[in-house]
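Shown next, in structure tokens, is the structure this report addresses.
Residue numbers (our numbering): 12 to 643.
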């Protein structure tokens, strides 16, 4: 009997080793998917041998203990590889059944390990704990697989937004598993898990791009926001594919995905060359986009880079909408539609850019503000009983945002945001914390009817778009509520930061799309505009000749401003003149052999050029500090 047991164990291990090798071949190429089917068969044979040995009464205790733990695991692996085979064949129902069976087997293994830990020796505990950690890690992967199956089903049904929701829901968990995999002592786990994570990032971006194409059609003229989103998310998918390929160089599907995404961006840019200026205005800090544009037409790209400031001077409004599943439905789409109609009918429609983010989760808020960089932030949704705004959690249910956290967020982003509107019930309690950092905050002091809130918002933006002040826009917003017969006309509340006069603050019709509130604000806008122009040299190419030209023109502007604006604070005026003088000196500096250099992607070979760039960065950093001091 002992020889028979030895042979059985040897055969079982051979099955496991062969099955593992077959699994590795499936990661190399999806064309090897049938290897999953064979691996499943071998794992099941190994599991059958394990159960057969467990039925033998006189096997060694350590072997019995080992088999009790790993017999269910071998069956688990059999179901997982069979699930993968069905998944790649788009046989979703069969894949779901395999996943359910796999979960049962893994739960049995975890139960066996936890039971044995209670009586194990210290040496046994170490091994069992390692096995338990791996099993729990696999349980996390199974949760990912379940979501991936649902996403595949949605994708196959052209329901790309549901697929995107699935990907976005599990990406944080998968990111955590990438970190956990480094602590398991198996290098392959980390490599494969990282590849899976990056592949899911690519799928997430790809799902959004497919949704955009399906919803708006790629053959017609896409709206600006949609066109930029399409390019942005396809580039995200390209980068994720490249990173996944780097983590798993043997996997040709990642390489193919990256190549396809890059090709899609190139095709879109070639077919929409007239839209390059507006795309550049939004995505000028994307190095991959600039590389692709440069390869297609470097001359056009450089021309856009030199003259792109005109495309960045629009007043940008960010409309944030949240209507959690467990809350009363709101007509947020009607509110946005009304605002857009009022803006489109104004003379300043080319000076205003309205962006939107829907179903905003608490994890989306920072990203939305950083991505869109708005001057006005407009939140539309529910308020809690304590006046806090309500966003969505990962499941689409309510998540209350604490007032102090929201105020801290806007403190960090105070350089660009000029006005915050919380169009939600009882939101006045939020205003005091935010208005310490933001010029204007508009909230609601009580519950407000959905239609009344819409009336206020549409009239407010209509007034702004016709070049009126913040105060006039607020007053006409309240008046519109009264004109339509709502009893809520006294509910909106306007608060201004200390030293800011809303009757003198205009957001439309200024040269830079920012607020005009006295000489100090003009100084702030001039400083910020100049710094933004210099920052463009970090994005495509850097030449000393062009940099000198910008330094000289900026110096002249700053001198003229400090001399003509008599009301400017003397301390600020002196700082501006000092910076202007240093810029003029730098613009006249002799620099050896100025040549084109790729600042982002490579090194500046000439030391004098490198030092010139450092000196330029330093003087513009000082100018940026002037803008910050004006704000504070």
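Every residue gets a Cβ at the ideal spot worked out from N, C-alpha and C, and that includes glycine.
Over what stretch of residues does the beta strand (DSSP E) that includes residue i continue unbroken?
| i | result |
| --- | --- |
| residue 366 | 363 to 368 |
| residue 435 | Here residue 435 belongs to no beta strand (DSSP E), and DSSP marks it neither H nor E. |
| residue 602 | Where residue 602 is concerned, there is no enclosing beta strand (DSSP E), given that its DSSP letter is neither H nor E. |
| residue 454 | 451 to 455 |
| residue 326 | 326 to 333 |
| residue 459 | Note, residue 459: premise wrong, no beta strand (DSSP E); not H, not E. |
| residue 111 | Premise fails: residue 111 lies in the alpha helix (DSSP H), 103 to 128, not in any beta strand (DSSP E). |
| residue 403 | 401 to 403 |
How about residue i and residue j: are their beta carbons less than 9 Å apart?
| i | j | result |
| --- | --- | --- |
| residue 403 | residue 395 | no |
| residue 602 | residue 620 | yes |
| residue 631 | residue 545 | yes |
| residue 218 | residue 172 | yes |
| residue 92 | residue 185 | no |
| residue 67 | residue 123 | no |
| residue 368 | residue 421 | no |
| residue 120 | residue 157 | no |
| residue 360 | residue 465 | no |
| residue 407 | residue 340 | no |
| residue 101 | residue 163 | yes |
| residue 387 | residue 327 | yes |
| residue 358 | residue 468 | no |
| residue 375 | residue 427 | no |
| residue 16 | residue 74 | yes |
| residue 587 | residue 572 | yes |
| residue 598 | residue 629 | no |
| residue 393 | residue 338 | yes |
| residue 450 | residue 507 | yes |
| residue 125 | residue 143 | yes |
| residue 197 | residue 145 | yes |
| residue 202 | residue 177 | no |
Specify, as a first and last residue, the run of the alpha helix (DSSP H) that residue i falls within.
| i | result |
| --- | --- |
| residue 150 | 133 to 167 |
| residue 356 | Element bounds for residue 356: n/a, residue is neither H nor E. |
| residue 55 | 45 to 65 |
| residue 197 | Where residue 197 is concerned, there is no enclosing alpha helix (DSSP H), given that its DSSP letter is neither H nor E. |
| residue 178 | 171 to 192 |
| residue 372 | First-last for residue 372: undefined, no H or E at that position. |
| residue 441 | It is not in any alpha helix (DSSP H) - residue 441 carries neither H nor E in the DSSP assignment. |
| residue 486 | 481 to 494 |
So for residue i, helix, strand or coil by DSSP?
| i | result |
| --- | --- |
| residue 214 | helix |
| residue 83 | helix |
| residue 231 | Residue placement at residue 231 cannot be trusted, given a pLDDT of 49 that sits under 50; what the coordinates show is reported in the next sentence. DSSP places residue 231 in coil when its eight states are reduced to three. |
| residue 411 | strand |
| residue 394 | strand |
| residue 505 | strand |
| residue 511 | coil |
| residue 351 | helix |
| residue 341 | coil |
| residue 586 | helix |
| residue 295 | coil |
| residue 448 | coil |
| residue 388 | strand |
| residue 633 | helix |
Classify residue i: buried if its beta carbon has 16 or more other beta carbons within 10 angstroms, exposed otherwise.
| i | result |
| --- | --- |
| residue 244 | buried |
| residue 624 | buried |
| residue 510 | exposed |
| residue 83 | buried |
| residue 90 | buried |
| residue 356 | exposed |
| residue 559 | buried |
| residue 503 | buried |
| residue 565 | buried |
| residue 115 | exposed |
| residue 332 | buried |
| residue 183 | exposed |
| residue 381 | exposed |
| residue 193 | exposed |
What do you reckon, is the C-beta of residue i under 8 Å from a heavy atom of the ligand COA?
| i | result |
| --- | --- |
| residue 355 | Here there are no bound small molecules, and the ligand COA is not part of this structure. |
Inspect the CB distances between the stretch 474 to 482 and the stretch 503 to 521 and report whether three or more fall short of 8 Å. Counting Cβ pairs under 8 Å, three or more are found: they touch.
With a cut-off of 8 Å, do at least 3 Cβ pairs link the stretch 46 to 55 to the stretch 93 to 100? Three or more pairs of CB atoms, one per stretch, sit closer than 8 Å, so the stretch 46 to 55 contacts the stretch 93 to 100.
Pairs of beta-carbons, one from the stretch 449 to 457 and one from the stretch 429 to 438, closer than 8 Å: are there three or more? Judged by Cβ distances under 8 Å, the stretch 449 to 457 makes contact with the stretch 429 to 438, as three or more pairs qualify.
Just checking, does the stretch 206 to 217 make contact with the stretch 244 to 256 on the three C-beta pairs under 8 Å criterion? Because the criterion of three Cβ pairs below 8 Å is met, the stretch 206 to 217 and the stretch 244 to 256 touch.
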